[in-house]
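Novice: Before I ask anything, let me first share the structure, which is written out below as C-alpha coordinates.
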Amino acid sequence: MSNIPSFAEIRLEFLKLTRSRKLESVKDYEIALAHVFNLDEELLDIRTPGNNKTFYSRVNFTKKTLKEKGYVCEDKNYLKLTNKGVKHLEENPVPITNYILNNSDEQELNPIKFIDIGESDSEEKILSIINKLTETDFFLFEDILLDFLFHIGYGCAKENLKKNIKKTKDGGLDGYIELDPLGTDRLYIQGKRWRDNPIRDKHIRDFSGALDTVGGTKGLFITTSRFTKEAKECNEKIKNKNITLIDGRKLATLILKYNFQL
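Numbering of the sequence shown is given in the working numbering, commencing with residue 391 and proceeding in unit increments.
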(Lines of atoms letter the chains of each structure in order from A and count residues from 1; the text may use other names and numbers.)
(Lines give C-alpha, C1' and ligand atoms only; values in the text may rest on other atoms or scores of the structure.)
Protein backbone atom coordinates (compact mmCIF):
# COMPACT_ATOMS: atom_id res chain seq x y z
CA MET A 1 0.00 0.00 0.00
CA SER A 2 3.08 2.23 0.28
CA ASN A 3 2.86 2.93 -3.45
CA ILE A 4 -0.62 4.41 -3.12
CA PRO A 5 -0.40 8.23 -2.79
CA SER A 6 -1.11 9.83 0.56
CA PHE A 7 -4.20 11.90 1.23
CA ALA A 8 -2.03 15.05 1.18
CA GLU A 9 -0.76 14.24 -2.32
CA ILE A 10 -4.21 13.31 -3.62
CA ARG A 11 -5.75 16.53 -2.30
CA LEU A 12 -3.26 18.69 -4.18
CA GLU A 13 -3.70 16.86 -7.49
CA PHE A 14 -7.48 16.82 -6.98
CA LEU A 15 -7.42 20.63 -6.87
CA LYS A 16 -5.27 20.81 -9.99
CA LEU A 17 -7.66 18.55 -11.89
CA THR A 18 -10.65 20.57 -10.72
CA ARG A 19 -9.00 23.68 -12.09
CA SER A 20 -8.11 22.22 -15.48
CA ARG A 21 -10.95 19.79 -16.26
CA LYS A 22 -14.68 19.25 -15.77
CA LEU A 23 -15.09 15.89 -14.06
CA GLU A 24 -18.52 14.75 -12.91
CA SER A 25 -18.08 11.77 -10.64
CA VAL A 26 -15.66 10.34 -8.10
CA LYS A 27 -14.96 7.61 -10.65
CA ASP A 28 -13.89 10.26 -13.16
CA TYR A 29 -11.50 11.70 -10.61
CA GLU A 30 -10.22 8.24 -9.72
CA ILE A 31 -9.35 7.51 -13.36
CA ALA A 32 -7.71 10.91 -13.88
CA LEU A 33 -5.73 10.74 -10.63
CA ALA A 34 -4.61 7.19 -11.35
CA HIS A 35 -3.11 8.53 -14.57
CA VAL A 36 -1.42 11.42 -12.74
CA PHE A 37 0.17 9.06 -10.21
CA ASN A 38 0.84 6.34 -12.80
CA LEU A 39 -1.03 3.66 -10.84
CA ASP A 40 -1.55 0.27 -12.45
CA GLU A 41 -4.59 -2.01 -12.09
CA GLU A 42 -2.93 -4.03 -9.34
CA LEU A 43 -2.51 -0.95 -7.16
CA LEU A 44 -5.99 0.29 -7.96
CA ASP A 45 -7.43 -3.02 -6.79
CA ILE A 46 -5.80 -2.95 -3.34
CA ARG A 47 -8.57 -3.26 -0.76
CA THR A 48 -9.25 -1.89 2.69
CA PRO A 49 -10.11 -4.30 5.56
CA GLY A 50 -13.76 -3.59 4.67
CA ASN A 51 -13.10 -4.78 1.09
CA ASN A 52 -13.43 -1.32 -0.44
CA LYS A 53 -10.89 -0.19 -3.02
CA THR A 54 -8.30 1.85 -1.13
CA PHE A 55 -7.47 4.41 -3.80
CA TYR A 56 -11.12 4.99 -4.75
CA SER A 57 -11.98 5.43 -1.07
CA ARG A 58 -9.22 8.00 -0.67
CA VAL A 59 -10.41 9.94 -3.71
CA ASN A 60 -14.00 9.86 -2.47
CA PHE A 61 -12.97 11.04 0.99
CA THR A 62 -10.76 13.72 -0.57
CA LYS A 63 -13.74 15.15 -2.45
CA LYS A 64 -15.81 15.32 0.75
CA THR A 65 -12.96 16.84 2.76
CA LEU A 66 -12.10 19.54 0.22
CA LYS A 67 -15.78 20.53 0.02
CA GLU A 68 -16.13 20.65 3.80
CA LYS A 69 -12.96 22.72 4.18
CA GLY A 70 -13.99 25.17 1.47
CA TYR A 71 -11.45 24.41 -1.26
CA VAL A 72 -14.06 23.33 -3.84
CA CYS A 73 -17.80 23.76 -4.31
CA GLU A 74 -20.56 22.41 -6.55
CA ASP A 75 -21.22 24.12 -9.89
CA LYS A 76 -24.15 22.33 -11.54
CA ASN A 77 -22.82 18.84 -12.35
CA TYR A 78 -19.19 19.70 -11.71
CA LEU A 79 -16.88 20.91 -8.99
CA LYS A 80 -15.07 24.22 -9.18
CA LEU A 81 -12.35 25.82 -7.09
CA THR A 82 -13.29 28.37 -4.47
CA ASN A 83 -11.10 31.40 -3.81
CA LYS A 84 -9.42 29.35 -1.11
CA GLY A 85 -8.60 26.55 -3.56
CA VAL A 86 -7.28 29.00 -6.15
CA LYS A 87 -5.14 30.71 -3.51
CA HIS A 88 -3.55 27.44 -2.47
CA LEU A 89 -2.58 26.53 -6.04
CA GLU A 90 -1.33 30.00 -6.93
CA GLU A 91 0.54 30.94 -3.77
CA ASN A 92 1.99 27.71 -2.42
CA PRO A 93 0.91 24.50 -4.16
CA VAL A 94 2.22 21.96 -1.67
CA PRO A 95 0.52 18.69 -0.67
CA ILE A 96 -2.41 19.51 1.63
CA THR A 97 -1.66 17.85 4.95
CA ASN A 98 -4.16 17.55 7.79
CA TYR A 99 -2.32 20.37 9.52
CA ILE A 100 -2.89 22.70 6.56
CA LEU A 101 -6.55 21.66 6.37
CA ASN A 102 -7.11 22.54 9.99
CA ASN A 103 -5.07 25.74 10.13
CA SER A 104 -5.19 27.43 6.73
CA ASP A 105 -8.05 29.74 7.71
CA GLU A 106 -5.88 31.44 10.29
CA GLN A 107 -2.38 30.74 9.04
CA GLU A 108 -0.33 31.29 5.92
CA LEU A 109 -0.58 28.36 3.51
CA ASN A 110 2.96 27.17 4.16
CA PRO A 111 3.40 24.44 6.77
CA ILE A 112 7.09 25.19 7.28
CA LYS A 113 6.05 28.64 8.53
CA PHE A 114 3.52 27.42 11.10
CA ILE A 115 6.04 28.11 13.84
CA ASP A 116 5.14 29.31 17.29
CA ILE A 117 7.77 28.86 19.95
CA GLY A 118 5.45 28.81 22.93
CA GLU A 119 6.37 28.86 26.58
CA SER A 120 4.83 25.42 26.96
CA ASP A 121 7.60 23.90 24.85
CA SER A 122 10.20 22.61 27.24
CA GLU A 123 13.59 24.29 26.91
CA GLU A 124 15.15 21.00 27.90
CA LYS A 125 13.43 19.16 25.05
CA ILE A 126 14.45 21.80 22.52
CA LEU A 127 18.10 21.67 23.57
CA SER A 128 18.02 17.87 23.57
CA ILE A 129 16.77 17.78 19.97
CA ILE A 130 19.39 20.30 18.84
CA ASN A 131 22.12 18.23 20.49
CA LYS A 132 20.90 15.04 18.82
CA LEU A 133 20.90 16.71 15.41
CA THR A 134 24.37 18.19 15.77
CA GLU A 135 25.94 15.05 17.21
CA THR A 136 24.57 12.60 14.66
CA ASP A 137 26.61 11.64 11.59
CA PHE A 138 25.88 13.37 8.31
CA PHE A 139 24.04 10.56 6.58
CA LEU A 140 21.65 10.11 9.50
CA PHE A 141 21.17 13.89 9.65
CA GLU A 142 20.26 13.87 5.97
CA ASP A 143 17.74 11.06 6.49
CA ILE A 144 16.20 12.79 9.51
CA LEU A 145 15.85 16.11 7.73
CA LEU A 146 14.32 14.67 4.57
CA ASP A 147 12.02 12.34 6.52
CA PHE A 148 10.82 15.31 8.56
CA LEU A 149 10.11 17.43 5.48
CA PHE A 150 8.10 14.57 4.00
CA HIS A 151 6.35 14.09 7.34
CA ILE A 152 4.98 17.66 7.20
CA GLY A 153 3.93 17.46 3.56
CA TYR A 154 6.95 18.28 1.39
CA GLY A 155 7.91 16.05 -1.52
CA CYS A 156 5.72 13.80 -3.62
CA ALA A 157 7.35 10.42 -3.08
CA LYS A 158 9.45 9.55 -0.06
CA GLU A 159 11.65 7.15 -2.00
CA ASN A 160 12.63 9.94 -4.40
CA LEU A 161 13.54 12.59 -1.84
CA LYS A 162 17.27 11.81 -1.75
CA LYS A 163 17.86 11.52 -5.48
CA ASN A 164 18.43 15.26 -5.98
CA ILE A 165 20.22 15.95 -2.68
CA LYS A 166 24.00 15.88 -2.31
CA LYS A 167 26.47 16.28 0.53
CA THR A 168 28.51 19.49 0.71
CA LYS A 169 32.17 19.78 1.68
CA ASP A 170 31.31 21.42 5.00
CA GLY A 171 29.09 18.58 6.17
CA GLY A 172 25.82 20.03 5.00
CA LEU A 173 23.47 19.17 2.19
CA ASP A 174 21.95 20.93 -0.74
CA GLY A 175 19.72 20.19 -3.68
CA TYR A 176 15.99 20.20 -4.21
CA ILE A 177 12.84 18.20 -3.61
CA GLU A 178 9.99 17.98 -6.10
CA LEU A 179 6.68 19.37 -4.89
CA ASP A 180 4.55 17.89 -7.67
CA PRO A 181 4.57 14.47 -9.37
CA LEU A 182 5.88 15.88 -12.67
CA GLY A 183 8.79 17.70 -11.07
CA THR A 184 7.76 21.10 -12.40
CA ASP A 185 7.73 22.75 -8.97
CA ARG A 186 10.84 22.53 -6.81
CA LEU A 187 11.86 23.57 -3.32
CA TYR A 188 15.62 24.15 -3.11
CA ILE A 189 17.24 23.19 0.17
CA GLN A 190 20.43 24.19 1.93
CA GLY A 191 21.16 22.42 5.20
CA LYS A 192 24.03 23.07 7.64
CA ARG A 193 24.63 20.72 10.55
CA TRP A 194 26.66 23.23 12.52
CA ARG A 195 26.93 23.65 16.28
CA ASP A 196 28.86 26.88 16.91
CA ASN A 197 29.37 28.61 13.57
CA PRO A 198 26.42 30.84 12.63
CA ILE A 199 25.02 31.36 9.14
CA ARG A 200 26.17 34.74 7.87
CA ASP A 201 24.90 37.05 5.16
CA LYS A 202 27.48 35.63 2.75
CA HIS A 203 25.84 32.21 2.98
CA ILE A 204 22.42 33.73 2.22
CA ARG A 205 23.78 35.58 -0.81
CA ASP A 206 25.48 32.42 -2.06
CA PHE A 207 22.25 30.42 -1.70
CA SER A 208 20.21 33.11 -3.42
CA GLY A 209 22.72 33.23 -6.26
CA ALA A 210 22.58 29.46 -6.62
CA LEU A 211 18.80 29.68 -6.98
CA ASP A 212 19.23 32.30 -9.70
CA THR A 213 21.40 29.96 -11.77
CA VAL A 214 18.65 27.32 -11.89
CA GLY A 215 15.67 29.67 -12.02
CA GLY A 216 14.51 28.70 -8.54
CA THR A 217 12.10 30.90 -6.59
CA LYS A 218 11.51 28.79 -3.45
CA GLY A 219 14.28 28.10 -0.97
CA LEU A 220 14.61 26.57 2.47
CA PHE A 221 17.79 27.24 4.48
CA ILE A 222 18.04 25.03 7.57
CA THR A 223 20.78 25.10 10.16
CA THR A 224 21.20 23.49 13.55
CA SER A 225 23.03 26.64 14.71
CA ARG A 226 21.66 30.16 14.14
CA PHE A 227 21.44 33.02 11.65
CA THR A 228 23.22 36.29 12.34
CA LYS A 229 21.27 39.54 12.33
CA GLU A 230 22.99 40.46 9.07
CA ALA A 231 21.94 37.15 7.49
CA LYS A 232 18.30 37.75 8.37
CA GLU A 233 18.44 41.31 7.06
CA CYS A 234 20.06 40.08 3.85
CA ASN A 235 17.25 37.58 3.34
CA GLU A 236 14.58 40.23 3.91
CA LYS A 237 16.06 42.31 1.09
CA ILE A 238 15.68 39.49 -1.44
CA LYS A 239 12.45 40.24 -3.29
CA ASN A 240 12.54 37.98 -6.35
CA LYS A 241 12.33 34.71 -4.43
CA ASN A 242 10.99 33.28 -1.18
CA ILE A 243 13.69 31.85 1.10
CA THR A 244 12.59 30.55 4.50
CA LEU A 245 15.18 30.46 7.29
CA ILE A 246 14.96 27.75 9.94
CA ASP A 247 17.50 27.81 12.77
CA GLY A 248 18.14 25.11 15.34
CA ARG A 249 15.53 26.32 17.81
CA LYS A 250 12.81 26.64 15.19
CA LEU A 251 13.67 23.24 13.74
CA ALA A 252 13.50 21.63 17.19
CA THR A 253 10.18 23.36 17.89
CA LEU A 254 8.72 22.13 14.60
CA ILE A 255 9.86 18.60 15.40
CA LEU A 256 8.04 18.83 18.74
CA LYS A 257 4.94 20.42 17.24
CA TYR A 258 4.57 17.79 14.54
CA ASN A 259 5.37 14.97 16.98
CA PHE A 260 8.19 13.75 14.75
CA GLN A 261 10.25 10.96 16.30
CA LEU A 262 14.03 11.23 15.97
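The beta carbon of each residue, even a glycine, is placed where N, CA and C say it ideally should be.
1. Within 10 angstroms of the Cβ of S518, are there 16 or more other Cβ atoms? Answer buried if so, exposed if not.
2. How many Å lie between L530 and D430 at the Cα?
3. Closest to S598 by C-alpha separation, out of I400, Y489, L407, N625, would be which residue?
4. On the three-state DSSP scale, how would you describe I516?
5. So which of D602, F650, L646, T613 has the shortest CA-CA distance to K629?
6. Tell me the DSSP secondary structure of D586 in three-state form.
7. Secondary structure at F404, three-state DSSP: helix, strand or coil?
8. Using only alpha-carbon positions, find the residue among I394, N393, Q651 that is nearest to L523.
9. Below 8 Å on the Cβ atoms is my guess for G638 versus T614; work out the distance and round it to an integer in Å.
10. In the DSSP assignment, find the unbroken alpha helix (DSSP H) run with V484 in it and report its ends.
11. Find out if the Cβ-Cβ distance for the pair L610, I579 is shorter than 8 Å.
12. Roughly how many angstroms separate the alpha carbons of R437 and S447, rounded to a whole number?
13. Which of the three DSSP states, helix, strand or coil, is assigned to F445?
14. Just the C-alpha distance for K457 and C463, rounded to the nearest angstrom, thanks.
Specialist: Let me lay it out:
1. exposed
2. 33 Å
3. N625
4. helix
5. D602
6. coil
7. helix
8. Q651
9. 4 Å
10. Segment: none, V484 is in no alpha helix (DSSP H) and carries neither H nor E.
11. yes
12. 9 Å
13. helix
14. 6 Å
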